[in-house]
């Protein structure tokens, strides 16, 4: 009988993360300190982030060792399975071979824990006692909440008000692990109070929540900020996804022609892509990388490459990246994790240099894809992940038309069991439902 | 570094289910047809269930082959991991070694799919086009819904009204896979209409929902009923849990001293227990089996062993079992899957013969246990599964007192991500939360 899941053992969990900065033909422009208009220094960045994370942010070393404690905690859910989507292939009647990396098996149901554990660990090692962060969909907030619980750290999560109200169970998940969660904008920060004065009904955004979390981190004692995407060190931690997938694809006997992931700030996309991209950069392997964005927030597809703030209030360094502007207000789509205005430093440079393709997909198309996936492969995907599935289905149907037996690999960044309200509002109109 | 998860490959998925009826020292009394007051015949039972399932219900063969198609679908999530709960052990400071079988990794988040796939398959093979079932917590309804989707069968799910309203997302999950879900009592059946006339606010119960599903199955064309627990053939399918666990414990180098599971109608309990129980029956292995019940519904702990109906209306055969009475109305505890009045034929006989111990645990104790588990092992358990965890914690603390390095194995029957409303109402008073 056919093998469906390619598994690895715990001793095959990679010992290092892969830092693509070591291999990029063109390094991105530096981060800029808006107060000095000069390159941001490590010292300045350390006001916000643990020192070791700042070292990783600036590092040009190819391999960065995963601490034993973090690797040990990874065993709670890693290595994650690589799965051959035979049933989806059959439903699409495509000659394409579709594989997906199943990051939904983590306790919080997404890839976010890969970086949360690392970030909590380094902060703990440096004597930090309290962390702050933001969360859109709630995946990152949940992941940080477990991670902080493991290391005995206090956590304050600023959750986009829209999600806070739409996803009541996410708050309970965060609370069950011991994290404190606040609807953003909140009355806890100066910036939040200012916004609420201007508009008491402000629904919030990821970039507002970041501003609040940053403000709390810099104003409270022994506190640091943590971010779930965009920055180099976060993308670095997520490369464990692609490094495992590389071994697993080898066991399966294939190398992907196309690697596909949804794109919010780049964490799951970079995680699965960078280890394969290294073979294109170093050995000229023919492999494409497709970032699937929502039509409502197409920063890579329609944004402009320039310096921009990472947050709404302008409290972060200036980042050279594809951006829709830090005051961009995306529609209230269900994939809250993709509603971020910028593409980050590394991905933006790689896109500029022609290594990354992107496309923007409508919410209707992504939910139809998500339902087809649920009905064939069993797993109800996170609204974010449905973008990767929709893009994969497009490629599989193209392969059907051209008769090519392409190998497609996508990242299932998370499951949707805590996002059923999104499916509920979508279900009646679902074209693929019947 | 220590191994946390013991994994098996897909080719190690067992080829047969284990039928404990082949090895029981005393077979249970037969099912009785209440209309004739005589033993129920296979023909009579086939009005309700697929013929092959009826054969399994009456079978005395030790090993029953798993059809290739079912085994192939099992690969979507099986073999499930066996996990060593190092972090829970550390938190309890116990010399006990705690293992759990993680059935929460299935697409619907519980063990229920193990039998749903088999039941849908046999019905399909026999030309049945439509199935009915009941669901309490929603786990079984979700599992049947995926299974029917895979085999192109229509499905009507009668969901206990209390759960229907408390767990809105479960309905969406069932609907996403294409199942139709109705609050029970409903207007779709004669029995449901009668109950609603008597009390329009009737909150429903599992045994009422069973009556409705049975009524629809016998009155509609080419339709059969499916049950998620209690009956021998359902318990049979679930033995795949214990058969895998047996191989995994051997790899870990241990044999359990105690096997623990929560108990509703017996499906997950029997699934993990029966394969180990065979070593006690056949080889005198010293191993205990503990069924963890809610105080609100302690059928094994406080019920009476006698013939009783499986449902509220008295439409099922009479079953010789420990029962609280088919009109028993348990409190509205969150573990809706454990609110069933009877213990089934096989488990009841084994309990009578001294092979099974049971205990009843308060909701407060189980939720505290569930939160401690989430905070140490990462996974938020289903309210049902928290009973197994609470019982395991009791045993681990006893082991600490006596200094015994006992080996405890429990079944994590499911995760609680679709039951966060239960955690929400529990959280403020949680003694282990801080």
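Chains as they are written, first to last, in the numbering used here: chain A, 1042 to 1475; chain B, 1042 to 1475. All C-beta atoms, glycine included, are put in the ideal place defined by N, C-alpha and C. Owing to the predicted nature of the structure, the values given are computational and were not obtained by experimental measurement.
For chain E, is any of its Cβ atoms less than 8 angstroms away from the one on residue 1106/A?
Among the protein chains in the structure shown, which are A and B, there is no chain E.
Could you tell me the alpha carbon to alpha carbon distance between residue 1396/A and residue 1358/A, rounded to whole angstroms?
Spanning the two alpha carbons is a distance of roughly 26 angstroms.
Closer than 7 angstroms by beta-carbon distance: list the chain A residues that pair up with residue 1116/B, in chain order.
Going along chain A in sequence order, the residues near residue 1116/B (Cβ under 7 angstroms) are 1045 and 1046.
So which residues on chain A does residue 1464/B lean against when the C-beta distance must stay under 9 angstroms?
The contacting residues are 1210, 1213, 1214, 1216 and 1217.
Excluding the 5 residues preceding and the 5 following residue 1207/A in the sequence, name in chain order all residues of the same chain whose CB lies nearer than 7 angstroms to its CB.
Non-local beta-carbon contacts of residue 1207/A in its own chain, meaning distances under 7 angstroms to residues more than five positions away in sequence, involve 1462 in chain order.
Can you round the beta-carbon distance between residue 1351/B and residue 1383/B to whole angstroms, since I take them to be within the 8 angstroms contact cut?
7 angstroms between Cβ atoms; contact.
Secondary structure, alpha helix (DSSP H): runs of 4+ residues fully inside the region 1339 to 1414 of chain B:
Entirely contained in the region 1339 to 1414 of chain B, the alpha helix (DSSP H) runs reaching 4 residues are, in chain order, 1340 to 1343 and 1386 to 1393.
The alpha helix (DSSP H) enclosing residue 1206/B, as first and last residue numbers:
For residue 1206/B, the uninterrupted alpha helix (DSSP H) segment begins and ends at 1202 to 1207.
Is residue 1061/A helix, strand or coil when you go by DSSP?
Assigned with DSSP and collapsed to three states, residue 1061/A falls in helix.
Can you confirm whether the region 1332 to 1351 of chain A touches the region 1362 to 1373 of chain A when touching is taken to mean that 3 or more C-beta pairs between the two stretches lie within less than 8 angstroms?
Yes, they touch.
8 angstroms Cβ cutoff, residue 1281/A in contact with chain B:
Cβ-Cβ to chain B under 8 angstroms: no for residue 1281/A.
Secondary structure of residue 1280/B, DSSP reduced to three states
Residue 1280/B carries a helical assignment under DSSP once its states are collapsed to helix, strand and coil.
Members of the region 1146 to 1162 of chain B that neighbour chain A once the beta carbon cut-off is set at 9 angstroms
Answer set for the region 1146 to 1162 of chain B: 1146, 1147, 1148, 1149, 1150 and 1154.
If you count every other CB in all the chains shown that lies within 10 Å of the CB of residue 1101/A, and 16 or more means buried, which is it?
Result: exposed.
Contact the region 1089 to 1101 of chain A vs the region 1115 to 1133 of chain A: 3+ CB pairs below 8 angstroms
Remark: fewer than three beta-carbon pairs, one from each stretch, lie closer than 8 angstroms, so the region 1089 to 1101 of chain A and the region 1115 to 1133 of chain A are not flagged as touching.
Figure out for me which residue from 1348/B, 1405/B and 1126/B has the closest Cα to the Cα of residue 1071/B.
For the set 1348/B, 1405/B and 1126/B, the Cα lying nearest the Cα of residue 1071/B is the one of 1348/B.
Have a look at residue 1474/A and residue 1468/A and give me their C-alpha separation to the nearest angstrom.
In this predicted model, residue 1474/A has a pLDDT of only 34, less than 50, meaning its place in the structure is not dependable; the value taken from the coordinates is given anyway. The alpha-carbon atoms of residue 1474/A and residue 1468/A are separated by roughly 7 angstroms.
Measuring CA to CA, which of 1290/A, 1328/A, 1342/A and 1056/A is closest to residue 1303/A?
Ranking 1290/A, 1328/A, 1342/A and 1056/A by CA distance to the CA of residue 1303/A puts 1342/A first.
Establish whether the CB of residue 1429/B and some CB of chain A are separated by less than 8 angstroms.
Taking 8 angstroms as the CB threshold, residue 1429/B stays off the interface with chain A.
Contacting residues, own chain, Cβ-Cβ under 6 angstroms from residue 1293/A (five flanking each side not counted)
If we look at residue 1293/A and ignore the five residues flanking it on each side, its Cβ neighbours are 1047.
Relative to the C-alpha of residue 1421/B, which candidate in 1453/B, 1400/B and 1434/B has its C-alpha closest?
Checked all of 1453/B, 1400/B and 1434/B; the closest Cα to residue 1421/B is 1453/B.
What separation, rounded to the nearest whole angstrom, lies between the Cα atoms of residue 1074/B and residue 1432/B?
Taking the CA atoms as reference points, residue 1074/B sits about 37 angstroms from residue 1432/B.
Can you name, in chain order, every residue of its own chain whose Cβ lies under 7 angstroms from the Cβ of residue 1170/A, other than the five neighbours on each side?
For residue 1170/A, where only same-chain residues beyond five positions count, the Cβ hits under 7 angstroms are 1194, 1195 and 1263.
Between residue 1044/B and residue 1437/B, is the Cβ-Cβ spacing less than 8 angstroms?
In this structure, the beta-carbon distance from residue 1044/B to residue 1437/B does not fall below 8 angstroms.
Residue burial classification, residue 1464/A (beta-carbon count within 10 angstroms, cutoff 16)
It is buried - the Cβ of residue 1464/A has at least 16 other Cβ atoms within 10 Å.
Taking DSSP as the reference, what is the three-state secondary structure of residue 1419/A?
Looking at residue 1419/A - three-state DSSP - the assignment turns out to be coil, as it is neither helix nor strand.
Compute the Euclidean distance between the alpha carbons of residue 1185/B and residue 1157/B, then round it to the nearest angstrom.
In a straight line, the C-alpha of residue 1185/B is about 5 angstroms away from that of residue 1157/B.
If you reduce the DSSP assignment to three classes, tell me which class residue 1130/B lands in.
The answer is helix: DSSP assigns residue 1130/B an H, G or I state.
Could you give the residue range of the alpha helix (DSSP H) that holds residue 1267/A?
Neither: residue 1267/A is in no alpha helix (DSSP H) and is coded neither H nor E.
In three-state DSSP terms, what is residue 1433/A?
Residue 1433/A: helix per DSSP, three-state reduction.
Does chain A have any CB closer than 8 angstroms to the CB of residue 1050/B?
Interface residue, yes.
Distance, Cα to Cα, residue 1276/A vs residue 1052/A?
Taking the straight line from one Cα to the other gives about 23 angstroms.
Short of 7 angstroms in beta carbon distance, which residues of its chain neighbour residue 1057/B, apart from the five on each side in sequence? Order them along the chain.
Cβ within range, chain order: 1104, 1105, 1106 and 1107.
Measure the C-alpha to C-alpha separation of residue 1268/B and residue 1175/B and round it to an integer number of angstroms.
If you take the alpha carbons of residue 1268/B and residue 1175/B, they lie about 7 angstroms apart.
Would you tell me roughly how many angstroms separate the C-alpha atoms of residue 1115/B and residue 1314/B, rounded to the nearest one?
Approximately 20 angstroms between the Cα atoms of the pair.
From 1128/A, 1177/A, 1164/A and 1182/A, pick the residue whose C-alpha is nearest to that of residue 1154/A; which is it?
Nearest option by C-alpha distance: 1182/A.
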